[in-house]
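Enquirer: Below are the structure tokens for one structure; questions will follow.
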Amino acid sequence: MRLRPLFLAILVPLAGTAQERDATSTRGMVVSTSDIASDVGAAILAKGGNAIDAAVATGFALAVTHPSAGNIGGGGFMVIRFADGRSTTIDYREKAPLRSTRTMYLGADGKIDRSLTAAGWLAPGVPGTVRGLALAHQKYGKLPWDEVVRPAAELASRGFRVSKGFAESLNGFVRRSGARFPSTREAYGKPGGAEWQEGDTLRLADLGRSLGAIATDPNAFYTGWIADSIDRQMKANGGIITRRDLAAYRAVERAPVKGTFLGHEIISMPPPSSGGTVVIQTLNILEALGVSRFTSANDPALLHLRIEAAKRVYRDRARWMGDPDFVKVPVARMTSPAYARELARGIDTAKSTTSVALGKGVISVPAGESDETTHYSVVDAWGNAVSNTYTLEGGYGSGVVVRGAGFILNNEMGDFNKKPGETNLTGDIGTPPNLIAPGKRMLSSMSPVIVAKDGQLRLVTGSPGGRTIPNTTLSVVLGVTAFGMSARDAVDLPRLHHQWLPDAASFETGVADDATIEGLKAKGHTIRVGSRQGDAHSIVYDAATKTAYGAADRRTPDSKASAPPQ
Ligand code: DON
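Last residue of the sequence shown: 572 in my numbering, with the numbers rising by one and none dropped.
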């Protein structure tokens with residue numbers, strides 16, 4: 007039985023009506039997980055800012071209104087496509103501190119001590135967000151820096167309304183981390199100690215001061231008083247990030263990774279993210295398998311092929327990928343159509359190949375990743391586009407707030423392979439490319455993507471979700487490119503994930519009906535149904551009419567597509 011995309015969309019548990027989360031505009035668009043932050047970005051577009059200005063403003067605003075993932079204490083990736091067809095990326099991924107060591111997260115018993123990577127002062131990498139957004143703006147922004155950063159500083163100082171979903175999230179954070187880290191309770195706890203309620207105002211005075219200083223000079227974070235605060239508090243609490251780490255941090259402009267899929271150009275993030283490479287390699291395999299003969303992204307026969315493709319691609323990710331400044335990653339081979347055809351030939355259409363069989367010589371199980379990171383998409387009136395995904399890694403990162411500076415530090419060090427040589431079926435990867443080294447960036451899965459067709463912008467998308475990210479991005483890309491879906495239908499389309507190991511696929515409700523799932527099980531697949539996957543705020547662009555169609559993902563409560571007044 008063939009399930010039509012429209013029917014499937016209705017089955018996904020989504021909040022709000024599509025209309026509330028959509029916008030159409032010829033004057034530009036910002037789509038993010040926070041209605042307030044989307045409005046900040048749209049206001050910058052209304053002032054004549056370009057997509058890069060709006061992306062920088064939105065990034066700083068999310069650090070205020072969406073502190074579980076929006077940040078100045080973390081890092082991320084920005085993909086930019088200019089209206090004239092040129093494209094570039096900004097890598098502002100965190101780096102391992104200079105005093106880090108390969109085995110710093112192993113306990114006396116030789117096992118990984120996950121309490122050290124989950125939270126606290128040893129968990130953070132050297133933050134990259136401020137230098138990343140500053141580099142993007144310095145090279146490609148149009149409005150003055152102060153003008154794009156100031157709205158976030160004002161938002162933090164003035165305070166903003168707490169929504170129902172945010173109140174719940176914040177209360178969990180304060181309960182968990184506030185008890186352990188007094189600076190966190192002081193910054194994010196409700197004065198008086200009660201729980202946050204919908205409609206309360208959250209004021210973040212210290213964060214406002216930090217953002218104000220950054221608006222005057224981004225170096226305040228790396229060589230000024232904020233750097234001093236980080237250095238001092240790290241020393242006092244057993245952390246290892248120093249002033250020297252901060253002063254040495256640089257964001258890097260890198261050439262995008264590119265591919266073609268059914269006549270579309272796919273532009274995304276190269277290493278140290280695996281994301282773009284994983285998306286392109288998977289699309290190449292699907293094209294080699296004849297994806298265009300299917301009428302739905304979740305056609306039962308195609309589901310089998312998507313799972314089989316994912317297993318092979320994620321195996322290669324574990325085998326080969328790490329920071330390109332430290333290891334040679336064979337990106338050209340991984341993204342070549344010839345290699346995809348070779349992998350496609352190994353796929354049996356009648357039955358699943360086990361992950362163990364595919365993993366000879368590399369066997370590993372990806373470590374667990376929590377579900378906080380955030381993606382936003384921006385297009386301006388000229389047709390320039392920005393696709394930005396950034397993160398603290400886990401929800402609210404390390405849980406540690408830098409006292410007096412008001413921001414939360416990431417726990418990104420956990421994205422490294424933590425036990426050299428041990429790659430096993432219980433959750434640890436020990437392959438060499440992603441081992442810890444001073445100054446190295448940890449491998450990521452974030453995959454901000456921009457798609458063009460016939461030299462014109464077509465789609466801006468991306469998502470949070472740890473290792474599920476490339477599969478979520480892929481789902482939106484497939485929907486729009488192979489199946490002609492609108493932004494709304496592609497974002498609503500129920501998603502699936504397989505990451506090679508564990509050898510099980512997870513399906514959102516609505517990917518497949520019971521009979522289809524039984525059919526897949528008969529082919530040898532393990533299927534788990536009921537996940538919620540990603541948060542893919544996306545824009546589809548119609549170059550003929552210069553119109554942006556924004557679709558905020560309804561899987562999260564406060565997302566919004568905002569446009570300047572038309
Ligand atoms: O860089 C990465 O791939 C992870 N640190 C991202 C974490 C994440 O997406 C958590 N998610 N929702």
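C-beta atoms are modelled at their ideal positions from N, C-alpha and C, and glycine is treated no differently. Being a predicted model, the structure only gives us computed values, none of them experimental.
1) Where do the ends of the alpha helix (DSSP H) carrying HIS310 lie?
2) May I ask whether a heavy atom of the ligand FAD can be found less than 8 Å away from the beta carbon of ARG538?
3) Please report the straight-line C-alpha distance between GLN203 and ILE545, rounded to a whole angstrom.
4) State whether the segment 381-398 contacts the segment 51-70, with contact taken as three or more CB pairs (one from each stretch) at a distance under 8 Å.
5) Just to confirm the assignment: which complete alpha helix (DSSP H) runs, minimum length 4, are found wholly within the segment 471-531?
6) Do VAL37 and VAL392 have their CB atoms nearer than 9 Å?
7) Classify ALA554 as helix, strand or coil using the three-state DSSP reduction.
8) Can you check the segment 229-301 for any beta strand (DSSP E) of at least 3 residues that lies completely inside it and give the ranges in chain order?
9) Between which residues of its own chain and THR487 is the CB-CB distance below 7 Å, once the five residues before and five after are set aside?
10) Taking the alpha carbon of ALA261 as the point to measure from, which residue in ILE435, GLN287, PHE413 and THR94 has its own alpha carbon closest?
11) Closer than 7 Å by C-beta to ARG339: which residues in its own chain qualify, once you throw out the five before and the five after it? Chain order, please.
12) What are the start and end residues of the alpha helix (DSSP H) that includes LEU139?
13) List the residues that DSSP assigns as beta-bridge partners of HIS381.
14) Beta carbon of MET452: closer than 8 Å to some heavy atom of the ligand DON?
15) Whose CA, out of ALA511, GLU428 and ASN477, lies closest to the CA of LYS527?
16) For GLY374, count the other beta carbons within 10 Å of its own beta carbon; 16 or more makes it buried, fewer makes it exposed. Which is it?
17) So LEU349 packs on ARG87, CB below 8 Å; how close in whole Å?
18) Please confirm whether ALA129 and THR135 have their CB atoms less than 9 Å apart.
19) Leaving out the 5 sequence neighbours to the left and right, which residues in its chain are closer than 8 Å to THR562 when beta-carbon positions are compared?
20) Could you pull the start and end residues of the beta strand (DSSP E) that ARG534 belongs to?
21) Is it the case that the segment 148-167 contacts the segment 219-231, given that we only count it when at least three CB pairs across the two stretches are under 8 Å?
22) In terms of residues, what are the limits of the beta strand (DSSP E) holding ARG105?
23) Is ASP564 near the ligand DON, judged by its Cβ being under 8 Å from some heavy atom?
24) Using CA coordinates, which residue listed in GLY79, PRO426 and THR30 is at the minimum distance from GLY400?
25) Looking only at its own chain, which residues have a Cβ that is under 8 Å from the Cβ of GLN25, when we skip the five neighbours before and after it?
26) Determine the DSSP secondary structure at ILE220, reduced to helix, strand or coil.
27) Sort ASN417, ALA518, PRO571 and HIS543 by Cα distance to HIS310 and report the nearest one.
28) Which same chain residues, not among the five before or five after SER361, have their C-beta less than 6 Å away from its C-beta?
29) Compute the Euclidean distance between the alpha carbons of ALA89 and SER44, then round it to the nearest angstrom.
30) Quick check: what's the CA-CA separation for SER302 versus PHE489?
31) Does the ligand DON have even one heavy atom less than 8 Å from the beta-carbon of ARG473?
32) Rounded to whole angstroms, what's the CA-CA distance from ASN417 to PRO439? Just pull it up for me.
33) If we ignore side chains and look at the alpha-carbon of each, how far apart do SER376 and VAL284 end up?
34) Given the structure, does PRO470 come close to the ligand DON, in the sense that its CB is under 8 Å from one of the ligand's heavy atoms?
35) How would you label SER298, buried or exposed, when you count the other beta carbons within 10 angstroms and need 16 or more for buried?
36) Measuring alpha carbon to alpha carbon, tell me which of GLY265, LYS366, SER453 and ALA219 ends up nearest ARG99.
Expert: The short version:
1) Counted from its first residue, the sequence shown places residue 310 at position 304. Per DSSP, the unbroken alpha helix (DSSP H) holding HIS310 starts and ends at 306-326.
2) The ligand FAD is absent from the structure shown, which contains only the ligand DON.
3) Walking along the sequence shown from the start, residue 203 turns up at place 197. Walking along the sequence shown from the start, residue 545 turns up at place 539. Each residue's alpha carbon lies about 32 Å from the other.
4) Yes, the segment 381-398 touches the segment 51-70.
5) Here the runs fully enclosed are 475-487, 493-498 and 520-528.
6) Residue numbering aside, residue 37 sits at position 31 when the sequence shown is read from its first letter. Residue numbering aside, residue 392 sits at position 386 when the sequence shown is read from its first letter. Not closer than 9 Å, so no.
7) Working through the sequence shown from its first residue, we reach residue 554 at position 548. Here ALA554 carries a strand assignment [DSSP, helix/strand/coil].
8) Scanning the segment 229-301 for uninterrupted beta strand (DSSP E) segments of 3 residues or longer gives 258-260, 263-267 and 270-274, listed from N- to C-terminal end.
9) Locating residue 487 in the sequence shown gives position 481, counting from the first residue. Cβ neighbours of THR487 beyond the five flanking positions: PHE267, LEU268, HIS270 and VAL457.
10) Counted from its first residue, the sequence shown places residue 261 at position 255. The shortest C-alpha to C-alpha distance from ALA261 to any of ILE435, GLN287, PHE413 and THR94 is the one to THR94.
11) By 1-based counting over the sequence shown, the position of residue 339 is 333. Counting only Cβ-Cβ distances below 7 Å, and skipping sequence neighbours, we find TYR345.
12) For the purposes of this step, residue 139 is taken as the residue at position 133 of the sequence shown. Its alpha helix (DSSP H) spans residues 135-146.
13) Against the sequence shown, residue 381 aligns to sequence position 375. HIS381 is bridged to THR395.
14) The residue labelled residue 452 in the question sits at position 446 within the sequence shown. Correct: MET452 has its Cβ closer than 8 Å to the ligand DON.
15) One-based indexing of the sequence shown puts residue 527 at position 521. The option with the nearest alpha carbon to LYS527 is ALA511.
16) Reading the sequence shown from its first residue, position 368 is the one you call residue 374. Note that GLY374 scores a pLDDT of 39, beneath 50, so its modelled location is shaky; the value from the coordinates is reported in the next line. Label assigned to GLY374: exposed.
17) Translated into positions along the sequence shown, residue 349 becomes position 343. Translated into positions along the sequence shown, residue 87 becomes position 81. So it is not a contact: roughly 28 Å between Cβ atoms.
18) The residue labelled residue 129 in the question sits at position 123 within the sequence shown. The residue labelled residue 135 in the question sits at position 129 within the sequence shown. Their beta carbons are not under 9 Å apart, which means ALA129 does not touch THR135 by this criterion.
19) Taking the sequence shown and counting its residues from 1, one reaches residue 562 at position 556. Within the same chain, THR562 has close Cβ partners ALA21, THR39, GLY171 and ASP541.
20) Position 528 of the sequence shown holds residue 534. That run of the beta strand (DSSP E) goes 533-537.
21) In short, these stretches touch, since the Cβ pair count reaches three.
22) By one-based count along the sequence shown, residue 105 stands at place 99. Here ARG105 belongs to no beta strand (DSSP E), and DSSP marks it neither H nor E.
23) Residue mapping note: residue 564 aligns to position 558 of the sequence shown, counting from 1. Not under cutoff, so the answer is no.
24) Counted from its first residue, the sequence shown places residue 400 at position 394. GLY400 has its Cα closest to that of GLY79, out of GLY79, PRO426 and THR30.
25) As a first step, residue 25 is located in the sequence shown; it is residue number 19 there, counting from the start. Excluding the 5 residues flanking it on each side, GLN25 has no same chain C-beta neighbour closer than 8 Å.
26) Within the sequence shown, numbered from 1, the residue matching residue 220 stands at position 214. Three-state result, ILE220: helix.
27) Within the sequence shown, numbered from 1, the residue matching residue 310 stands at position 304. Of all alpha-carbon atoms in ASN417, ALA518, PRO571 and HIS543, the one lying nearest the alpha-carbon of HIS310 is that of ALA518.
28) The residue given as residue 361 occupies position 355 in the sequence shown. These residues qualify, in order along the chain: LYS317, TRP506, LEU507 and ASP509.
29) Here residue 89 refers to the residue found at position 83 when the sequence shown is read from its first residue. Here residue 44 refers to the residue found at position 38 when the sequence shown is read from its first residue. Separation of ALA89 and SER44 (C-alpha to C-alpha, rounded to the nearest whole angstrom) is 21 Å.
30) Indexing the sequence shown from 1 puts residue 302 at position 296. Indexing the sequence shown from 1 puts residue 489 at position 483. Looking at the two C-alpha atoms, the distance is approximately 6 Å.
31) Within the sequence shown, residue 473 is the residue found at index 467, counting from 1. The answer is yes for ARG473.
32) For the purposes of this step, residue 417 is taken as residue 411 along the sequence shown, with counting starting at 1. For the purposes of this step, residue 439 is taken as residue 433 along the sequence shown, with counting starting at 1. Between ASN417 and PRO439, the C-alpha separation is close to 20 Å.
33) Stepping through the sequence shown from its first residue, residue 376 is reached at position 370. Stepping through the sequence shown from its first residue, residue 284 is reached at position 278. Residue confidence is low: SER376 scores 42 on pLDDT, short of 50, so the model does not pin down where it sits. Its coordinate-derived value is still stated next. C-alpha separation (whole angstroms): 20 Å.
34) Here residue 470 is taken as the residue at index 464 of the sequence shown, counted from 1. Distance from the C-beta of PRO470 to the nearest heavy atom of the ligand DON is below 8 Å.
35) As a position in the sequence shown, residue 298 is number 292, starting the count at 1. So SER298 ends up on the exposed side.
36) Indexing the sequence shown from 1 puts residue 99 at position 93. Nearest in C-alpha terms to ARG99, of all of GLY265, LYS366, SER453 and ALA219, is SER453.
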